[in-house]
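Engineer: Chains A and B supply the protein sequences, listed in that same order. So for the first sequence, full-length UniProt numbering puts the first residue at 1; every next one is plus one. So for the second sequence, full-length UniProt numbering puts the first residue at 1; every next one is plus one. Before anything else, here's the structure in question.
Number of protein chains: 2
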Amino acid sequence: MLSAHSSLREKTLTLDTLNPQVKAVEYAVRGPIVIKAGEIERYLEEGGTKPFSEVIKANIGDAHAMGQQPITFLRQVVALCTFPELMDSPSFPEDAKWRARRILQGCGGHSLGSYSASPGVECIRKDIAAYIEQRDEGVPSDWENIYLTTGASDGIMTILRLLVSGKDSSRTGVMIPIPQYPLYSAAISEMDAVQVNYYLDEDNCWALDINELYRAYQAAKLHCQPRVICIINPGNPTGQVQSKKCIEEVLHFAYEENLFVMSDEVYQDNVYTPDCQFHSFKKVLYEMGPEYFNSVELASFHSTSKGYTGECGFRGGYMEVINMDPEVKAQMVKLLSVRLCPPLAGQAAMDVIVNPPQPDEHSYKQFRQEKSSVLGALADKAKLTEQILNAVPGIKCNPVQGAMYAFPRIFIPPKAVEEAKALGMQPDMFYCLRLLEETGICVVPGSGFGQKDGTYHFRMTILPSIEKLKVLLGKVRDFHIRFLKEYSALE
Amino acid sequence: MLSAHSSLREKTLTLDTLNPQVKAVEYAVRGPIVIKAGEIERYLEEGGTKPFSEVIKANIGDAHAMGQQPITFLRQVVALCTFPELMDSPSFPEDAKWRARRILQGCGGHSLGSYSASPGVECIRKDIAAYIEQRDEGVPSDWENIYLTTGASDGIMTILRLLVSGKDSSRTGVMIPIPQYPLYSAAISEMDAVQVNYYLDEDNCWALDINELYRAYQAAKLHCQPRVICIINPGNPTGQVQSKKCIEEVLHFAYEENLFVMSDEVYQDNVYTPDCQFHSFKKVLYEMGPEYFNSVELASFHSTSKGYTGECGFRGGYMEVINMDPEVKAQMVKLLSVRLCPPLAGQAAMDVIVNPPQPDEHSYKQFRQEKSSVLGALADKAKLTEQILNAVPGIKCNPVQGAMYAFPRIFIPPKAVEEAKALGMQPDMFYCLRLLEETGICVVPGSGFGQKDGTYHFRMTILPSIEKLKVLLGKVRDFHIRFLKEYSALE
Numbered sequence: 001m002l003s004a005h006s007s008l009r010e011k012t013l014t015l016d017t018l019n020p021q022v023k024a025v026e027y028a029v030r031g032p033i034v035i036k037a038g039e040i041e042r043y044l045e046e047g048g049t050k051p052f053s054e055v056i057k058a059n060i061g062d063a064h065a066m067g068q069q070p071i072t073f074l075r076q077v078v079a080l081c082t083f084p085e086l087m088d089s090p091s092f093p094e095d096a097k098w099r100a101r102r103i104l105q106g107c108g109g110h111s112l113g114s115y116s117a118s119p120g121v122e123c124i125r126k127d128i129a130a131y132i133e134q135r136d137e138g139v140p141s142d143w144e145n146i147y148l149t150t151g152a153s154d155g156i157m158t159i160l161r162l163l164v165s166g167k168d169s170s171r172t173g174v175m176i177p178i179p180q181y182p183l184y185s186a187a188i189s190e191m192d193a194v195q196v197n198y199y200l201d202e203d204n205c206w207a208l209d210i211n212e213l214y215r216a217y218q219a220a221k222l223h224c225q226p227r228v229i230c231i232i233n234p235g236n237p238t239g240q241v242q243s244k245k246c247i248e249e250v251l252h253f254a255y256e257e258n259l260f261v262m263s264d265e266v267y268q269d270n271v272y273t274p275d276c277q278f279h280s281f282k283k284v285l286y287e288m289g290p291e292y293f294n295s296v297e298l299a300s301f302h303s304t305s306k307g308y309t310g311e312c313g314f315r316g317g318y319m320e321v322i323n324m325d326p327e328v329k330a331q332m333v334k335l336l337s338v339r340l341c342p343p344l345a346g347q348a349a350m351d352v353i354v355n356p357p358q359p360d361e362h363s364y365k366q367f368r369q370e371k372s373s374v375l376g377a378l379a380d381k382a383k384l385t386e387q388i389l390n391a392v393p394g395i396k397c398n399p400v401q402g403a404m405y406a407f408p409r410i411f412i413p414p415k416a417v418e419e420a421k422a423l424g425m426q427p428d429m430f431y432c433l434r435l436l437e438e439t440g441i442c443v444v445p446g447s448g449f450g451q452k453d454g455t456y457h458f459r460m461t462i463l464p465s466i467e468k469l470k471v472l473l474g475k476v477r478d479f480h481i482r483f484l485k486e487y488s489a490l491e
Numbered sequence: 001m002l003s004a005h006s007s008l009r010e011k012t013l014t015l016d017t018l019n020p021q022v023k024a025v026e027y028a029v030r031g032p033i034v035i036k037a038g039e040i041e042r043y044l045e046e047g048g049t050k051p052f053s054e055v056i057k058a059n060i061g062d063a064h065a066m067g068q069q070p071i072t073f074l075r076q077v078v079a080l081c082t083f084p085e086l087m088d089s090p091s092f093p094e095d096a097k098w099r100a101r102r103i104l105q106g107c108g109g110h111s112l113g114s115y116s117a118s119p120g121v122e123c124i125r126k127d128i129a130a131y132i133e134q135r136d137e138g139v140p141s142d143w144e145n146i147y148l149t150t151g152a153s154d155g156i157m158t159i160l161r162l163l164v165s166g167k168d169s170s171r172t173g174v175m176i177p178i179p180q181y182p183l184y185s186a187a188i189s190e191m192d193a194v195q196v197n198y199y200l201d202e203d204n205c206w207a208l209d210i211n212e213l214y215r216a217y218q219a220a221k222l223h224c225q226p227r228v229i230c231i232i233n234p235g236n237p238t239g240q241v242q243s244k245k246c247i248e249e250v251l252h253f254a255y256e257e258n259l260f261v262m263s264d265e266v267y268q269d270n271v272y273t274p275d276c277q278f279h280s281f282k283k284v285l286y287e288m289g290p291e292y293f294n295s296v297e298l299a300s301f302h303s304t305s306k307g308y309t310g311e312c313g314f315r316g317g318y319m320e321v322i323n324m325d326p327e328v329k330a331q332m333v334k335l336l337s338v339r340l341c342p343p344l345a346g347q348a349a350m351d352v353i354v355n356p357p358q359p360d361e362h363s364y365k366q367f368r369q370e371k372s373s374v375l376g377a378l379a380d381k382a383k384l385t386e387q388i389l390n391a392v393p394g395i396k397c398n399p400v401q402g403a404m405y406a407f408p409r410i411f412i413p414p415k416a417v418e419e420a421k422a423l424g425m426q427p428d429m430f431y432c433l434r435l436l437e438e439t440g441i442c443v444v445p446g447s448g449f450g451q452k453d454g455t456y457h458f459r460m461t462i463l464p465s466i467e468k469l470k471v472l473l474g475k476v477r478d479f480h481i482r483f484l485k486e487y488s489a490l491e
C-alpha cells in the first residue's frame with residue numbers, strides 16, 4: 001500500500017542513482033541461490049511440501065551452523081572477559097582465568113566494553129607475533145606489524161583500499177586466482193579496480209602455474225597497472241595447498257614485478273592430506289634471503305572463523321603486514337581509527353587461537369581432544385566427499401587437500417546448457433537451482449567464483465556431520481544421474 | 001637497519017602511490033594529539049617525569065575506559081550466549097537466561113559462533129522494531145527495515161556508500177553540520193564526495209537554523225549535487241538537543257529538496273536538561289502526515305557504545321531505514337553480505353538495550369538502579385562542566401543538553417595565534433598540545449570537528465568520574481589563565 005502511495009514521488013536513491021560500483025558488486029556465497037534456499041525453508045516451515053524435508057545449506061563455511069561445537073576453552077576465556085564476576089567461579093579453570101585477566105588488563109578500564117587502540121589490544125598483538133614466530137620456526141615477527149581486524153575480510157578490504165583509487169587515470173590492477181573467493185571480486189568492483197584473473201590449473205589439482213601468472217600480468221599491463229597479487233592458500237573454493245616451490249615462484253614474481261602480495265591464509269590450520277603441508281608466505285619469503293625478506297611488501301590474513309574453531313560470529317581476525325612504508329602505515333592506522341576498533345570479543349577469541357592451552361596446563365587435554373576431533377572429522381569428510389563425487393559419472397573432483405570446500409567440475413549436457421541460456425541463466429546456476437528445488441541442497445554455482453569458459457562447477461562445504469554429508473552426497477549423485485539422463489541426447 | 005636496507009628498492013606502496021582519498025582522510029578524535037598523549041603515557045610509564053603523574057584522556061567517548069561499570073544484566077546475557085553451559089548456573093537470573101536462550105535460538109546451530117543473516121539475527125531485528133514503536137509512542141516500525149551494524153559508524157558508511165560514487169560526473173554533495181563528528185568528513189574524503197557544511201548556531205546553543213540549511217544547499221548546488229543531509233541529535237561534539245520544531249523544518253527541507261536523511265541518534269538516551277527531550281526524526285516525520293512519512297527516505301542510527309551502557313568494544317549498533325526503494329534495499333543487502341555479518345556478541349548486546357528487564361522481572365531493580373546511576377552522574381557532570389568552564393575568563397561553554405561532550409569556545413590571544421601559525425599549526429591544536437604537555441589532559445582541537453573561521457574550541461568528554469572531572473576542569477582553568485597571561489599584550 002505504502003509503496004503505491006510513495007511511488008507518486010520520485011525517490012532520491014533508486015537503481016538509477018545508486019552508486020554504480022555497488023551495483024557491480026556480486027557475492028555468490030550469499031547470492032540468489034541462497035535467497036531462494038531461504039524462501040524454500042520458510043515455505044517448509046509454514047507447512048508447504050517438497051520432495052525433501054529440510055534445506056541443507058552447504059553454501060557457506062559456517063561450521064557452527066552445521067553443528068560443530070565450539071572449543072570449550074575459547075568460550076570460557078571470552079565468557080570470563082565478558083563477565084569478570086566469573087573469575088570467582090570454581091567451574092572455570094585457572095588457565096582460562098589467567099588468560100582472561102591478562103586480556104582485560106590490556107583493555108581500557110579493564111573492560112571488554114572499551115575501545116581498543118585501532119590496531120588492537122597490545123598484548124593480543126604480542127601473542128599473535130609470538131604465535132607467528134613459533135609457526136614459522138623462528139622467523140621474526142614484530143608485534144607492531146600485527147593489526148587485529150573484523151574478520152579477515154575487513155583486513156583485505158583495508159589493504160585494497162590503500163592500493164586502489166577509483167580515480168586513477170592509470171587504473172589499478174588486482175591479480176586474483178580464478179576460481180577465487182568472491183570477496184575479492186566484490187571488493188574490486190566496489191573500489192573500481194581492474195580484476196586481473198590468473199587461472200589455477202584444474203588438471204593439476206588446482207595448482208598455481210607461474211607461467212600463467214606471467215601471462216596474466218603481461219596481458220593486464222596493456223590496459224591497467226597491476227599493483228597487487230592476491231593468493232588464497234589453502235585455496236577457497238579449490239581446496240589446494242600450495243607447495244613451497246610454488247610459493248617461492250610467486251614471491252619471486254612479485255619481487256620482480258614490484259607487486260604488493262596479499263596472502264589469504266585463513267585456512268592455515270585446515271590441511272588434511274598427509275603429503276601436503278601449510279607453508280606461510282612469510283616464512284618462504286624469509287628463506288629466500290634478506291634481499292626478498294627485507295623488500296617484498298606482504299600482508300597475510302588470518303581469522304577466527306575457520307581452522308578448528310569456526311568462530312565466524314565473533315568476527316575476529318588479524319593481518320601481519322611486512323615491509324610496508326612507515327608513512328603508509330601511519331596512513332593505514334589513521335584509516336583504521338575512523339572505524340575505531342575491531343570487536344573486543346573477537347580479539348579475545350583470536351588471542352585464544354594463538355595462545356592455546358599448553359601441555360602443562362589444566363585445559364590442555366580437553367582442548368587437544370576437541371581440536372583433533374574437529375580436524376580429524378574434517379579430514380575424513382574431505383576424503384569422503386572427493387571419493388563419492390568422483391564415483392559419479394560426469395563429476396570430477398580434485399582432492400580436497402585443505403580449507404573447507406569441494407569444487408567439483410560437473411558435466412552439463414549441451415541441451416541443459418541451451419535451456420539455461422534460454423532462461424538467461426548461467427548453466428551451473430540452472431543446475432544448482434534444480435538441485436536445490438529437487439533435493440533441498442544449497443550449493444553455490446562455480447560461476448560465482450569464476451571458472452574457465454565452458455567449464456562448470458559448484459562449491460559445497462564439507463561441514464555437515466558425516467551422516468548428513470553422506471546423505472547430501474548421495475542426493476547429489478542421484479540428482480546428477482537424473483539430470484544427465486533428462487538432458488542426454490540418447491533418446 | 002632493515003629500512004636502510006630495503007630502501008634500496010622502490011616500494012610498491014608509498015605516500016606517492018597511496019590512494020589519495022585515504023591520504024585526504026582526517027580523524028581528529030584519534031589524531032596527532034592522541035598519538036602524542038600515548039607517547040607521553042609511555043614516557044611516564046618508563047619513569048620519565050612531567051608536571052603531572054597521569055594522562056587523562058578526555059578525547060574519546062569511551063565510558064568504560066574512564067571507569068564506568070558495565071550494566072550487569074547486559075553482560076550476563078552476553079556471557080550466557082557465549083558460554084551456554086552457564087544456563088545451569090544458579091548465579092545467573094532467569095530473565096537473563098530467557099533472553100540468552102531466545103537469542104541463541106535465532107543463531108545458526110544455536111551458537112554465537114555462526115554467521116547471522118547479513119542484516120542481523122531475526123529475533124533481534126524484531127526486538128529493535130518493537131523498541132522503536134514503544135519509543136515513538138506507536139509509530140509503526142517494520143523489522144525488515146532494521147539492519148544490525150558493526151557500531152553506528154558501519155551503518156553510516158554503508159548508507160553513504162550507496163549514495164556516493166567517486167566517479168560521478170556531477171559529484172554527490174553530503175550536507176553535514178559544523179561542528180560535526182569527524183566520521184562524516186572522513187567518510188566523505190574516503191569516498192570522494194563533496195562536503196557541504198551547514199553551520200550550527202553557537203550563539204543559540206548550537207541550534208540548527210533552517211535558513212543556514214537553505215543557504216548551504218543553494219551555495220552547494222553551484223558545484224555539486226547535494227543528495228543527503230546528515231544530522232547528529234543529540235549533537236556530537238556540540239551537545240545540543242534539537243527541538244521538535246527544528247526537526248520538522250529539517251524534514252520539510254529534505255522533502256522539498258528530495259534529500260536522503262541520515263539521522264545519527266546514538267545519543268538518544270543521553271539527554272540531561274529537564275527542558276529538553278529527545279524526538280526521533282522518524283516520529284516527527286510520522287506526525288507531519290503520510291505525505292511526508294511515506295516518502296522521505298530516512299536512515300536512523302543507534303549504537304551500544306553510548307547511552308547508559310557505553311559498550312563501545314562490542315561494536316553493536318543498528319539502523320532503521322524507511323522509504324528506501326526496494327531494489328536499492330536488495331542492493332544494500334548484497335553489499336552487507338560481502339562483509340558477512342556484524343559481530344554476534346554486539347548484536348546480543350544491542351538486544352538487551354532494546355529489550356531490558358521489565359518491572360515484573362527479577363533483574364529490573366538492579367538494572368534500573370545501574371541505569372539511573374550512570375545517567376544521573378552524566379547529568380551532574382554535564383552541569384558541572386558547563387559551570388566550571390563558564391567561570392573561566394576567555395572560555396564560553398554552551399549548556400551540555402545531551403550526548404557526552406562539552407565543546408567550549410576558547411579565546412586564543414592574537415600572539416598565540418601568530419605563534420601557532422609560525423609553527424604551521426592550527427591555533428587550537430597549538431593550545432591543546434600545550435594543555436597536554438603542561439597538564440596531561442588530552443582533548444581534541446575544535447579544528448578537528450570544524451568551526452567558524454576565527455573561532456577556536458576544543459572537545460572534551462564529560463566521562464571521567466566526578467572527582468577526576470573536577471581536577472581536570474581545575475587544571476584546564478589554571479592552564480587557560482596562564483596561557484592568556486603568557487600571550488596577552490598587557491606587558
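The beta carbon of each residue, even a glycine, is placed where N, CA and C say it ideally should be.
Is the CB of residue 21 of chain A under 8 Å away from at least one CB in chain B?
Structural biologist: The sequence position of residue 21 of chain A within the first sequence is 21, counting from 1. It does; some Cβ of chain B falls within 8 Å.
Engineer: Could you give the distance in angstroms between the alpha-carbon of residue 183 of chain B and the alpha-carbon of residue 126 of chain A?
Structural biologist: Locating residue 183 of chain B in the second sequence gives position 183, counting from the first residue. Locating residue 126 of chain A in the first sequence gives position 126, counting from the first residue. About 29 Å.
Engineer: Would residue 60 of chain A count as contacting chain B if we go by Cβ distances under 8 Å?
Structural biologist: On the first sequence, position 60 is the one that residue 60 of chain A refers to. Taking Cβ atoms only, chain B reaches closer than 8 Å to residue 60 of chain A, which makes this a yes.
Engineer: Using a Cβ-Cβ cut-off of 8 Å (strictly less than) and excluding sequence neighbours within five positions of residue 3 of chain A, which residues of its own chain qualify?
Structural biologist: As a first step, residue 3 of chain A is located in the first sequence; it is residue number 3 there, counting from the start. Confidence in residue 3 of chain A is poor, its pLDDT being 43 and thus under 50, which makes the residue's placement too unreliable to answer from.
Engineer: Could you list the residues in the region 413–432 of chain B with a C-beta less than 9 Å from some C-beta on chain A, going in chain order?
Structural biologist: The residues in question: there are none.
Engineer: Which one of A/151, A/336, A/24 and A/333 has the shortest CA to CA distance from residue 303 of chain A?
Structural biologist: On the first sequence, position 303 is the one that residue 303 of chain A refers to. The candidate whose alpha carbon is nearest that of residue 303 of chain A is A/151.
Engineer: Could you tell me the alpha carbon to alpha carbon distance between residue 271 of chain A and residue 277 of chain A, rounded to whole angstroms?
Structural biologist: Here residue 271 of chain A refers to the residue found at position 271 when the first sequence is read from its first residue. Here residue 277 of chain A refers to the residue found at position 277 when the first sequence is read from its first residue. The straight-line gap from Cα to Cα measures roughly 7 Å.
Engineer: According to DSSP, is residue 266 of chain B helix, strand or coil?
Structural biologist: On the second sequence, position 266 is the one that residue 266 of chain B refers to. Three-state result, residue 266 of chain B: coil.
Engineer: Report yes or no: do three or more beta-carbon pairs, one from the region 405–415 of chain B and one from the region 148–165 of chain B, lie closer than 8 Å?
Structural biologist: Contact between the region 405–415 of chain B and the region 148–165 of chain B is absent, because fewer than three Cβ pairs lie under 8 Å.
Engineer: Where does residue 342 of chain B fall in DSSP's three states?
Structural biologist: What you label residue 342 of chain B is simply residue 342 of the second sequence in a count that begins at 1. Of the three classes helix, strand and coil, the one that applies to residue 342 of chain B here is coil, per DSSP.
Engineer: Would you report the Cα separation of residue 221 of chain B and residue 317 of chain B, rounded to the nearest angstrom?
Structural biologist: Translated into positions along the second sequence, residue 221 of chain B becomes position 221. Translated into positions along the second sequence, residue 317 of chain B becomes position 317. Residue 221 of chain B and residue 317 of chain B: Cα-Cα distance of roughly 33 Å.
Engineer: Measure from the alpha carbon of residue 261 of chain B to the alpha carbon of each residue in B/281, B/274, B/306 and B/242, then state which is nearest.
Structural biologist: In the second sequence, the residue the question calls residue 261 of chain B occupies position 261. Taking only the C-alpha atoms, the option nearest residue 261 of chain B is B/281.
Engineer: Could you please give the first and the last residue of the uninterrupted alpha helix (DSSP H) stretch that includes residue 164 of chain B?
Structural biologist: Numbered from its first residue, the second sequence carries residue 164 of chain B at position 164. From DSSP, residue 164 of chain B is part of no alpha helix (DSSP H); its letter is neither H nor E.
Engineer: Determine, for residue 87 of chain A, whether the minimum Cβ-Cβ distance to residues of chain B falls below 8 Å.
Structural biologist: For the purposes of this step, residue 87 of chain A is taken as the residue at position 87 of the first sequence. Taking Cβ atoms only, chain B never reaches closer than 8 Å to residue 87 of chain A, which makes this a no.
Engineer: Which first and last residues belong to the beta strand (DSSP E) in which residue 232 of chain A is found?
Structural biologist: Numbered from its first residue, the first sequence carries residue 232 of chain A at position 232. First-last of the beta strand (DSSP E) with residue 232 of chain A: 225–232.
Engineer: What first and last residue would you give for the alpha helix (DSSP H) that runs through residue 211 of chain A?
Structural biologist: Counting from 1 along the first sequence, the entry for residue 211 of chain A is found at position 211. Segment 210–221, the alpha helix (DSSP H) holding residue 211 of chain A.
Engineer: Counting only the same chain and skipping the five closest in sequence on each side, list residues whose C-beta sits under 7 Å from that of residue 80 of chain B.
Structural biologist: If you number the second sequence from 1, residue 80 of chain B lands on position 80. 86, 87, 92, 96, 97 and 100.
Engineer: Going along chain A, which residues have a C-beta under 7 Å from residue 113 of chain B?
Structural biologist: As a working mapping, residue 113 of chain B is identified with position 113 in the second sequence. Result: 64, 70, 310, 311, 312, 313 and 314.
Engineer: Could you have a look at residue 201 of chain B and say whether DSSP puts it in helix, strand or coil?
Structural biologist: Position 201 of the second sequence, counted from the first residue, corresponds to residue 201 of chain B. Strand.
Engineer: Using a Cβ-Cβ cutoff of less than 8 Å, which residues in the same chain neighbour residue 246 of chain B once the five nearest sequence positions on both sides are dropped?
Structural biologist: Taking the first residue of the second sequence as 1, we reach residue 246 of chain B at position 246. If we look at residue 246 of chain B and ignore the five residues flanking it on each side, its Cβ neighbours are 207, 208 and 210.
Engineer: Does any C-beta atom of chain B lie closer than 8 Å to the C-beta of residue 262 of chain A?
Structural biologist: Here residue 262 of chain A is taken as the residue at index 262 of the first sequence, counted from 1. It does not; no Cβ of chain B falls within 8 Å.
Engineer: Do residue 444 of chain A and residue 59 of chain A have their beta-carbon atoms positioned less than 8 Å apart in this structure?
Structural biologist: Position 59 of the first sequence, counted from the first residue, corresponds to residue 59 of chain A. Position 444 of the first sequence, counted from the first residue, corresponds to residue 444 of chain A. Cβ atoms of residue 59 of chain A and residue 444 of chain A: closer than 8 Å.
Engineer: So that I know if they touch, is there some Cβ in chain A lying closer than 8 Å to that of residue 327 of chain B?
Structural biologist: On the second sequence, position 327 is the one that residue 327 of chain B refers to. So, interface residue.
Engineer: Give a yes or no on whether the minimum CB-CB distance between residue 18 of chain B and chain A is below 8 Å.
Structural biologist: The sequence position of residue 18 of chain B within the second sequence is 18, counting from 1. By this cut-off, residue 18 of chain B is an interface position.
Engineer: At which residues does the beta strand (DSSP E) containing residue 459 of chain B begin and terminate?
Structural biologist: Here residue 459 of chain B refers to the residue found at position 459 of the second sequence. First-last of the beta strand (DSSP E) with residue 459 of chain B: 458–461.
Engineer: Give me the chain B residues within the contact set of residue 27 of chain A, using Cβ-Cβ distance strictly less than 8 Å, ordered along the chain.
Structural biologist: Numbered from its first residue, the first sequence carries residue 27 of chain A at position 27. Going along chain B in sequence order, the residues near residue 27 of chain A (Cβ under 8 Å) are 334, 337 and 338.
Engineer: So, is the C-beta of residue 11 of chain A closer than 8 Å to a C-beta in chain B?
Structural biologist: Here residue 11 of chain A refers to the residue found at position 11 of the first sequence. Yes, residue 11 of chain A counts as interfacial toward chain B.
Engineer: On the CB-based measure, 16 or more other CB atoms within 10 Å of its CB, does residue 219 of chain A come out buried or exposed?
Structural biologist: Numbered from 1 along the first sequence, position 219 holds the residue referred to as residue 219 of chain A. Exposed, since its Cβ has fewer than 16 Cβ neighbours within 10 Å.
Engineer: Quick check on this structure: which residue in A/284, A/174 and A/472 has the alpha carbon closest to the alpha carbon of residue 224 of chain A?
Structural biologist: In the first sequence, residue 224 of chain A corresponds to position 224, counting from 1. Comparing Cα-Cα distances from residue 224 of chain A to each of A/284, A/174 and A/472, the minimum goes to A/174.
Engineer: Measure from the alpha carbon of residue 393 of chain A to the alpha carbon of each residue in A/462, A/481 and A/205, then state which is nearest.
Structural biologist: Taking the first sequence and counting its residues from 1, the one referred to as residue 393 of chain A is at position 393. Taking only the C-alpha atoms, the option nearest residue 393 of chain A is A/481.
Engineer: How many angstroms separate the CA atom of residue 237 of chain B from the CA atom of residue 381 of chain B?
Structural biologist: Taking the second sequence and counting its residues from 1, one reaches residue 237 of chain B at position 237. Taking the second sequence and counting its residues from 1, one reaches residue 381 of chain B at position 381. Taking the straight line from one Cα to the other gives about 16 Å.
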